[in-house]
Amino acid sequence: MTKIKSLADLRKMKEEAQSKIKLRENSTNPDQVVQVKVGMATCGIASGAKDTMKYFVEELEQEAIDAVVTQTGCMGYCYAEPTVEVKLPGKEPLVYGHVNKEKVHEIIDKYIKRGELVDGIIPVSFKTIDD
Amino acid sequence: MKTLSEHILDIVQNSVSAKATLIEIIVEEDKIADLYSLVIRDNGCGMSKETLAKAINPFFTSRTTRKVGLGIPLLKHNAEAAGGSFSLESELNVGTVLTARFQLSNIDRPPLGDIWETLYLMFLSYTVGNLVYQHKTEKGGFQISSDELKEVLGDVSYQQKEIREGILELIKTNLEEIEVTK
C-alpha cells in the first residue's frame, strides 16, 4: 500500500475501505454500545493512561466489539490511576482502578464480553477520609 | 511527565474544560537559537488576574475532586529545568496562551514522544471544537486539525482499524518528512 501523506490520501484510503467501515457509533445511539471512559488528567497521564486508552481502542477493535472509547477528567481516585469507567448497555457504570495492559485484557475478556465482574472495582460509595 | 506529548495531552484538558472551540498547539524547533518551544492557545473562558496568579501554584485547582493541580506546575518545572522559560497569559472571556520554552540541546528537555498516538487520542475524544496541531522545523512545517479530519472522514468512527492506522501514518510520515527532533 502506498504511504498516506496527505488528507487526500486519507480520503482515498477511506473510500477504499468504506465497505468494511461502519458509521461512527456514538453519533447514532450511544446507549446501545459499550462506553469506556479513561481518566486522563495529570494523575492518569503520569500513570500511563495514554497506553491504557490505546490498548482499549486496539483490543476492542480486534475483538470486533462496538464500543466508544473516550477520555475524561480526574475521577478523584488519583491513588488508583489509571482509572477506567466501563458502562455496558443498560447497566450501571463501573469504575476500575489500576488498569494496565493485563487489566485491559481481563476487563474486555471477562466483563465486557461475558458480564463477569473483575477484581479492582472502586465502589461508588467509596469516600476518602477527607470527605 | 516523561514526554512533551504527555504534557500536551494534559494541558489541552484545561482548554477543553475552559469550553474552548479552537485549541491550537504549536511546536517550533530552532536549531540556530537552540530553542524548542511549545505554545498552546485557546479561545476558552480564560482566567481572571487572580486565578491566573494562582494557576502555577500546585496547590491550586478549580476542580473539587481533589486538592492539587499539577499539570501547569509540572510543565513549568520541566521547562525551567531544561534551561527554558514558562509563561501563561489569559484574559477573561477571550482565552489563554501558554508558552513553554526549552533549550533544544539540553539533556533534560523531555523528548517529543509519540505525538501521533497522542493526537489520535485527542481527535478521538474532542468532537466539539477544532483542535489544530502545528509543527515547524527548518525543513518546513506540518499542520493537522480535527476539522480537516472530520471533513475528510465524515461520520466514520476513528476507532476503525483502517482509519486509526491511516491517521497515525499521516501524522508520522509528515513529521518524519520535516525531520522533527525526537
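One line per chain: the protein sequences are A and B, in this order.
Its first residue numbered 1, the first sequence is counted upward by one per residue in full-length UniProt numbering.
Its first residue numbered 1, the second sequence is counted upward by one per residue in full-length UniProt numbering.
Yeah, the Cβ is synthetic: ideal placement off N, Cα and C, and Gly gets one too.
It should be emphasised that the depicted structure is a prediction, and the values quoted were computed from it without experimental measurement.
Cross-chain neighbours of residue i in chain A, by beta carbon under 8 Å
i: Asp42/B; result: Those do not exist, as Asp42/B stays about 16 Å from chain A at its closest Cβ, beyond 8 Å.
i: Pro93/B; result: The sequence given here has Asn at residue 93/B, not Pro. None at all; the shortest Cβ gap to chain A is about 22 Å.
i: Glu148/B; result: Leu7
Chain B within 8 Å of residue i, Cβ atoms only
i: Arg24/A; result: Caution applies to Arg24/A, whose pLDDT of 49 falls short of 50 and renders its modelled position unreliable; the value that the coordinates give is listed next. So yes, Arg24/A belongs to the interface.
i: Glu81/A; result: no
i: Leu10/A; result: yes
i: Val69/A; result: yes
i: Lys87/A; result: no
i: Gly73/A; result: yes
i: Gly76/A; result: yes
i: Lys14/A; result: yes
i: Ser27/A; result: For Ser27/A, the pLDDT reaches just 49, beneath the cut-off of 50, and the residue's location in the model is therefore unreliable, although a value from the coordinates is still provided. So yes, Ser27/A belongs to the interface.
i: Val33/A; result: no
Chain-ordered chain B contacts of residue i [CB-CB under 9 Å]
i: Leu117/A; result: Within 9 Å Cβ-Cβ: nothing; Leu117/A doesn't reach chain B, min ~25 Å.
Contact with chain A by residue i, beta-carbon distance below 8 Å
i: Ile115/B; result: no
i: Lys161/B; result: yes
i: Ser62/B; result: no
i: Leu119/B; result: no
i: Ser37/B; result: no
i: Glu80/B; result: no
i: Val97/B; result: no
i: Arg164/B; result: yes
i: Val156/B; result: yes
i: Ser125/B; result: yes
Burial state of residue i, where buried means 16 or more other Cβ atoms lie within 10 Å
i: Arg41/B; result: buried
i: Val128/B; result: exposed
i: Pro111/B; result: exposed
i: Arg101/B; result: buried
i: His135/B; result: buried
i: Arg164/B; result: buried
i: Lys54/A; result: buried
i: Gln71/A; result: buried
i: Ile32/B; result: exposed
i: Phe142/B; result: buried
i: Thr65/B; result: exposed
i: Arg109/B; result: buried
Neighbouring residues, chain B, relative to residue i (Cβ below 8 Å)
i: Lys5/A; result: Leu170, Thr173, Asn174, Glu177
i: Gly97/A; result: Neighbours of Gly97/A on chain B: none; closest Cβ ~14 Å, over 8 Å.
Beta-carbon neighbours of residue i, restricted to chain A and to distances below 9 Å
i: Met1/B; result: Thr42, Ile45, Ala46
i: Val152/B; result: Leu7, Ala8, Leu10, Arg11, Lys14
Interface partners of residue i on chain A, CB under 7 Å
i: Gly71/B; result: Thr42
i: Thr65/B; result: Cys74, Met75, Gly76
i: Glu6/B; result: Ile45, Lys50
Where residue i meets chain D, residues with beta-carbon distance less than 9 Å
i: Leu74/B; result: Any reference to chain D falls outside this structure, whose protein chains are A and B.
Ignoring anything shorter than 3 residues or poking outside the UniProt domain "Histidine kinase" (1-106) of chain B, list the beta strand (DSSP E) runs there in chain order. 22-30, 35-42, 85-91, 95-103
Going along the chain, which residues of the segment 8-27 of chain B sit with their C-beta nearer than 8 Å to a C-beta in chain A? Leu9, Asp10, Gln13, Ser17
Taking a cut of 9 Å between CB atoms, which residues from the segment 51-63 of chain A lie near chain B? Asp51, Met53, Lys54, Val57, Glu58, Leu60, Glu61, Gln62
Mind pulling the alpha helix (DSSP H) runs of 4 or more residues that sit fully within the segment 9-66 of chain A? 25-28, 42-46, 49-62
Which runs of the alpha helix (DSSP H) fall wholly inside the segment 114-168 of chain B and span at least 4 residues, in chain order? 115-125, 146-153
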